[in-house]
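> Dropping a structure here in structure tokens format, bear with me for questions.
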Amino acid sequence: MRIELVKRPQHSILFSALSPVVALILTLLFGLVLFALLGRNPVTAMYIYFVSPLTEVWQIHELAVKAAPLILIAVGLSVCYRSNNWNIGAEGQLVAGALAGSILPVMFPDFQNFMLLPLMMIMGMIGGALYAGIPAILKVRFNTNEILSSLMLVYVANLFLDWMVRGPWRDPNGHNFPQTIQFSDAATLPAIFPASGRASWDFVFALVAALVIWFMMEKTLKGFEVRVMGQSPRAGRFAGFSSGRIVIFSFVVSGALAGLAGIATVSANINQLQPVISPGYGFTAIIVAFLGRLNPLGIVVAGLVLALSYLGGEAAQTAIGISDKTASVFQGMLLFFVLASDTLIYYRIRIVRSRERAGEVVHGHS
Amino acid sequence: MDIAEAILTTVATASTPLLIAATGELVVERSGVLNLGVEGMMLMGAVSGFAVTALTGYPWLGVLAAVIVGAVYSLLFGFLTLTLVTNQVATGLALTLLGVGLSGLIGVPFVGHPGIQMTSLYIPGLTGLPYVGKLLFGEDPLFYLSIVLVIGVSWFLFGTRAGLTLRSVGDNHGSAHALGIPVIRIRYLAVMFGGACAGLAGAQLSIVYTPQWVENMTAGRGWIALALVVFASWRPWRVFAGAYLFGLLTIAELNIQAVDLSTLHQLPGAVYDLLALIKAIPSQFLSSIPYLATVVVLVVISRNRRLTMMNTPASLGRAFVPDR
Amino acid sequence: MKKLLLALTAATALVAATNAQAADKFKACWVYVGAIGDFGYSFQHNQGRLAVEKAFGDKVETTYLENVSEGPDAERAFERLAREGCKLVFGTSFGFMDPEYKVAKRFPKVLFEHATGFKTAKNMGVYNLRWYEGRYVMGQIAAKVSKSHIGGYIVSFPIPEVLMDINAFVLGAHSVDPNFKLKIVWVNSWFDPGKEADAAKALIDQGADVLGQHTDSTAAMQVAETRGVHAFGQASDMIKFGPHAQLTALVDNWAPYYVSRVKAAMDGTWKPDNVWLGIKDDHAVELAPFTNMSDDVKAMAEATEKKIAGGWNPFTGPINKQDGTPWLKDGEVAKDSVLLGMNFYVQGVEGALPK
């Protein structure tokens with residue numbers, strides 16, 4: 001017995017809508033089994049994991065805090081991935097953005113006015129974009145594999161940040177701990193509704209970015225260019241599109257958004273630079289991008305779902321003592337199920353018994 | 001023990017897991033599949049190898065278990081990417097994510113227990129030879145296995161018909177299929193071989209290198225292995241060179257930190273100055289050298305398009321669905 | 001579907017019930033930076049938590065969050081615990097200081113304690129350990145035991161706590177053997193078993209026959225065991241990993257402090273404190289049994305331990321800085337504030353301090 005895929009003549013609209021549901025149901029079933037294996041009441045555990053974080057206002061704020069950088073980065077990555085450019089170094093671009101965006105509040109702490117925050121955000125975007133430009137230029141100029149060069153640059157960026165906060169940028173009055181001076185209030189990205197929680201303007205940035213990128217991808221020539229170059233570079237070249245320009249464009253867009261995520265999360269939530277500023281946002285965002293099927297609006301939903309799984313993981317730790325490792329098991333499985341279900345959009349699955357096979361080829365199939 | 005030999009022995013132990021995992025991934029990529037889940041597969045191998053060794057008392061059984069678990073675990077990736085033609089980059093990342101979590105869950109009972117270390121080879125007369133005895137005749141069994149692996153893979157890929165078939169699948173799956181080659185089946189086998197190697201590399205960590213289990217003990221070595229494959233432009237002996245270069249850089253950096261310059265005045269002036277210079281560089285910069293070196297090498301080997309074309313599996317990372 | 005709804009209602013009720021039940025117990029909570037399975041720093045904090053459970057039995061309920069990254073996630077961890085009914089929350093890593101402080105301001109009724117930091121509030125105290133006391137004893141042992149007069153020291157990052165310990169180790173060693181040399185290797189990580197093992201091997205290859213470490217894994221101890229040299233354990237007693245190698249270990253014994261603070265909070269006598277606990281405080285800094293050394297070395301170590309327990313500070317002058325400029329005059333004791341911000345080597349330490 002074997003499984004065969006038969007390409008649908010057109011992609012199935014039914015399964016486009018149904019596939020996330022299928023994936024969700026499979027993940028839920030998997031969760032029930034996993035919790036039962038861990039010796040917990042599966043229904044209680046699932047409730048704590050996926051529902052309880054939505055029952056309180058402060059947790060919804062936290063959801064936005066966690067989801068904002070994931071959505072920002074993933075939206076940028078979707079442009080890269082749709083154009084067949086495999087940037088997996090967003091974590092490094094995030095760090096580069098955080099460093100560039102922190103130049104003003106760290107080196108010129110007295111510069112405080114209404115221009116400060118916008119300047120910080122813009123510098124963060126420039127920092128991320130420039131850092132993403134390195135693998136892009138290497139790819140265009142030397143044909144260097146961008147997956148690996150962008151990944152290697154993550155380690156370099158992290159080590160550079162480490163050196164900066166222990167060396168040149170260390171707070172002289174900070175008891176020699178590895179951190180910069182605290183950002184002033186003028187350099188702190190404010191909360192949207194400070195009365196009820198700490199969700200900050202970076203979540204708004206994320207939503208705006210998702211809308212803008214969605215519009216660009218679907219309604220503009222540039223978006224068309226990106227998609228064509230991703231699906232069929234040959235056709236794109238016939239149409240007069242330059243593949244090099246698209247490589248640079250997609251890397252710069254995703255780098256700028258990762259850089260924005262970096263400086264925004266530093267400014268809103270940490271208020272200073274320190275050796276660790278991101279719990280792996282840049283890598284998690286890759287998962288978010290695919291969970292959202294590389295569609296900016298889907299990514300907004302995916303970012304919230306993934307953030308929920310983090311919050312739920314913590315709730316499950318404190319409420320019923322489930323290890324924090326289950327969160328990454330869940331995220332891995334969810335992604336597997338989403339990827340597998342999406343196959344149904346483009347293919348029909350046929351289970352073929354080995355003996356029938358010969359006959360079928362004769363009968364043909366179309 | 002002579003210090004140079006001692007350092008080389010340390011380098012060998014540090015390089016072996018990279019070499020094994022990268023050699024496995026090389027075969028996978030030569031068949032046209034990119035599996036970014038090496039880190040996750042290594043962790044699964046490390047935890048199962050440690051667990052079985054601890055439960056049975058036999059390191060060899062642990063190694064065997066790690067190889068099997070690595071291969072079986074990679075089937076998950078194979079099923080998704082080969083049968084269901086999902087995106088290979090995303091599926092590989094999911095494999096790593098799941099591996100980190102699962103290995104952590106499985107490993108809970110084994111934390112805080114010293115493992116049983118695999119005994120190193122000892123041949124009377126030979127192991128005691130000056131300069132090279134320990135290096136050539138006194139290593140752990142997995143070191144020798146890794147060398148055999150490189151020789152074997154090199155011979156298989158470039159000296160056998162089956163190897164040629166595998167490479168043709170990676171270079172152009174369309175024409176391979178047209179010639180009647182079972183593309184999917186070959187890729188399944190390659191993916192499982194890669195998984196087995198990653199599992200073995202993980203077991204080397206938890207049974208030989210540092211005989212213990214702790215969460216995330218691979219500490220990024222799976223990613224380095226992936227980089228090494230490209231660094232080596234998909235050639236087994238270059239993977240060997242790359243793995244040892246990486247190991248050498250890491251160990252040399254630690255040794256240079258420990259060395260006391262005032263005892264080294266007999267060294268030639270240039271060497272002395274170089275060491276003094278290296279010692280003055282912040283360690284974060286030294287730690288980033290291997291990563292920067294990888295980027296530089298990537299650039300150097302990829303700028304020559306003819307050379308790259310000759311070695312790069314052209315179908316790498318592209319999904320294949322047979323059209324009948 | 002109906003069944004599922006029923007089950008969900010039941011689940012909601014159950015959660016509510018556990019919360020209600022918890023209300024009459026005292027709830028103490030911990031936030032760990034690493035995994036409780038690291039058999040090092042976070043493991044020891046968790047041992048302290050278990051000691052609290054053991055000491056108060058039914059009267060307390062404890063919970064924890066592990067692997068909490070010192071970035072934007074930390075604030076959420078503290079907020080969650082404060083909202084879930086924790087009455088006393090311990091943040092166990094330096095990087096939690098600012099997020100914990102922010103949450104403490106927002107929840108004035110919840111008590112907070114922060115390890116190794118310096119910010120206090122009406123409801124937030126800080127606590128720390130004087131690890132350097134143990135390091136001084138270790139330095140003395142190392143100098144006595146070493147045959148090559150060379151020790152090796154594996155370290156993570158040049159923060160004050162780490163520099164303090166290097167200085168104390170060297171001061172201890174030189175008090176018995178002025179020719180003792182300490183080779184220092186920075187691995188730029190708190191936890192990477194492979195790299196720690198590599199560093200241990202490098203140090204042994206360069207002649208060190210006693211190893212110390214300020215990193216968290218047991219890898220260096222295992223290397224010492226197989227290579228037949230001596231080593232000191234870190235954070236927890238690592239004798240299982242080096243039965244013939246371990247001389248002693250610097251054990252973080254948080255249990256007595258945690259028990260006393262939980263008791264104070266239950267009694268209503270809790271006040272924010274700013275304590276720096278050492279050997280004399282119920283052995284908060286605990287030296288694991290002295291093993292694999294001769295009786296006279298053991299006697300010396302015990303005598304020094306006793307002297308420190310009696311109030312003597314290893315940082316008592318005369319001590320010069322590395323470049324020879326005077327730091328402490330004869331008989332002068334270092335101020336805690338200077339130690340906590342230490343950014344220099346004392347005379348006798350070799351090599352340049354990484355910037």
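Residue numbers (the working numbering), protein chains in the order written: chain A, 1 to 366; chain B, 1 to 324; chain C, 1 to 355. C-beta atoms are modelled at their ideal positions from N, C-alpha and C, and glycine is treated no differently.
Between which two residues does the beta strand (DSSP E) containing E253(B) stretch?
E253(B) -> not in any beta strand (DSSP E); alpha helix (DSSP H) instead, spanning P236 to A258.
> Considering only DSSP beta bridges, list what N320(C) is partnered with.
Its beta-bridge partners are P326(C).
> Give me the Cβ distance between E66(C) and I36(C), rounded to the nearest whole Å; I'm assuming they're in contact under 8 Å.
The pair is a contact, with the Cβ atoms about 5 Å apart (cut-off 8 Å).
> Using beta carbons (cut-off 8 Å, strictly below), is F177(A) in contact with chain B?
It does not: the Cβ of F177(A) has no partner Cβ on chain B nearer than 8 Å.
> By DSSP, does D282(C) sit in helix, in strand, or in coil?
The answer is coil: DSSP assigns D282(C) none of H, G, I, E or B.
> For the stretch 266 to 279 of chain A, list every residue whose C-beta sits within 9 Å of some C-beta in chain C, in sequence order.
Listed by position, the residues of the stretch 266 to 279 of chain A near chain C (Cβ gap below 9 Å) are V266, A268, N269, I270, N271, Q272, Q274, P275, V276, I277, S278 and P279.
> Can you tell which of V349(C), A264(C), Q206(C) and M342(C) has its C-alpha closest to the C-alpha of I7(B)?
For I7(B), the nearest C-alpha among the options comes from Q206(C).
> Any idea if F315(C) is buried or exposed, counting beta-carbon neighbours within 10 angstroms, 16 or more meaning buried?
Buried: at least 16 other Cβ atoms inside 10 Å.
> Between the stretch 123 to 143 of chain A and the stretch 251 to 265 of chain A, do three or more beta carbon pairs fall short of 8 Å?
Enough Cβ pairs lie closer than 8 Å, so yes.
> Going by other Cβ atoms of all chains shown within 10 Å of its Cβ, with 16 needed for buried, is P124(B) buried or exposed?
That one is exposed.
> Could you tell me which residues DSSP pairs with M216(A) in its beta bridges?
DSSP, once it has assigned bridges, lists no residue as partnering M216(A).
> Just list the alpha helix (DSSP H) runs in the stretch 189 to 236 of chain C, keeping only unbroken ones of 4 residues or longer that don't cross its boundaries, in chain order.
Those alpha helix (DSSP H) runs which fall completely within the stretch 189 to 236 of chain C and span 4+ residues are 193 to 205 and 219 to 227.
> Which same chain residues, not among the five before or five after V162(C), have their C-beta less than 7 Å away from its C-beta?
V155, S156 and H214.
> Please list, in chain order, the residues of the stretch 77 to 97 of chain A that have any C-beta partner in chain C closer than 8 Å.
Taking 8 Å as the Cβ-Cβ cut-off against chain C, none of the residues of the stretch 77 to 97 of chain A qualify.
> Flag N87(B) as yes if its beta-carbon sits less than 8 Å from any beta-carbon of chain C, otherwise no.
No - not a single Cβ of chain C is within 8 Å of the one on N87(B).
> Going by alpha carbons, who is nearest to I192(A) out of M164(A), F205(A) and G174(A)?
Closest by alpha carbon: F205(A).
> If you reduce the DSSP assignment to three classes, tell me which class N167(C) lands in.
It is helical.
> Could you give the residue range of the alpha helix (DSSP H) that holds F78(C)?
Counting along the chain, the alpha helix (DSSP H) containing F78(C) begins and ends at D73 to R83.
> Apart from the five residues on each side of it in sequence, which residues of its chain come closer than 7 Å, Cβ to Cβ, to R8(A)?
Closer than 7 Å at the Cβ level, and outside the excluded window around R8(A), lie Y346, Y347 and R348.
> Check whether the Cβ of G351(C) lies closer than 8 Å to any Cβ atom in chain A.
No, G351(C) does not count as interfacial toward chain A.
> DSSP state of I181(B), grouped into three classes?
Coil, per DSSP.
> Here's the rule I'm using: 16 or more other beta-carbon atoms within 10 Å means buried, otherwise exposed. How should G220(B) be labelled?
Flag for G220(B) reads exposed.
> Give the DSSP-derived three-state secondary structure of K27(C) in the structure shown.
Three-state result, K27(C): strand.
> Grab the span of the alpha helix (DSSP H) containing N158(A) for me, first residue to last.
E146 to R166 is the span of the alpha helix (DSSP H), which, as asked, contains N158(A).
> Could you work out which residue in L84(B), P268(B), Y209(B) and F193(B) is closest to A199(C) when comparing CA atoms only?
Taking only the C-alpha atoms, the option nearest A199(C) is Y209(B).
> Can you give me the start and stop residues for the beta strand (DSSP E) that R348(A) sits inside?
Element bounds for R348(A): Y347 to V352.
> Going by DSSP, what residue range makes up the alpha helix (DSSP H) through I207(B)?
Where I207(B) is concerned, there is no enclosing alpha helix (DSSP H), given that its DSSP letter is neither H nor E.
> Might you give, ordered along the chain, the residues of its own chain that have their beta carbon closer than 7 Å to the beta carbon of V33(B), omitting 5 neighbours on each side?
Hits under 7 Å: T81, Q88, R187, A190 and V191.
> Go through its chain and collect everything with a Cβ distance to E225(A)'s Cβ below 6 Å, but skip five positions before and after it.
Once the five neighbours on either side are set aside, the close Cβ partners of E225(A) are F241.
> Using Cβ-Cβ distances below 8 Å, what residues of the stretch 125 to 158 of chain C are close to chain A?
Residues F157 and P158.
> Looking at the C-beta of E39(B), does it have a partner C-beta in chain C at a distance below 8 Å?
E39(B) does not count as touching chain C.
> Nearest to T27(A) by CA position, among D342(A), F337(A) and R350(A), is which residue?
Per the Cα distances, F337(A).
> Between the Cα of A23(A) and the Cα atoms of S341(A), R234(A), V95(A) and G174(A), which residue gives the shortest distance?
Per the Cα distances, S341(A).
> Can you list the residues of chain D that L308(A) reaches, using a CB-CB cut of under 7 Å?
The structure shown has no chain D; the protein chains it does contain are A, B and C.
> Do we get a CB-CB distance below 8 Å when we pair T63(C) with the residues of chain A?
Chain A contact via Cβ: present.
> At the 8 Å Cβ level, is A358(A) part of the contact set with chain B, yes or no?
Since pLDDT at A358(A) reaches only 39, below the 50 mark, its modelled position is unreliable, and no value is offered.
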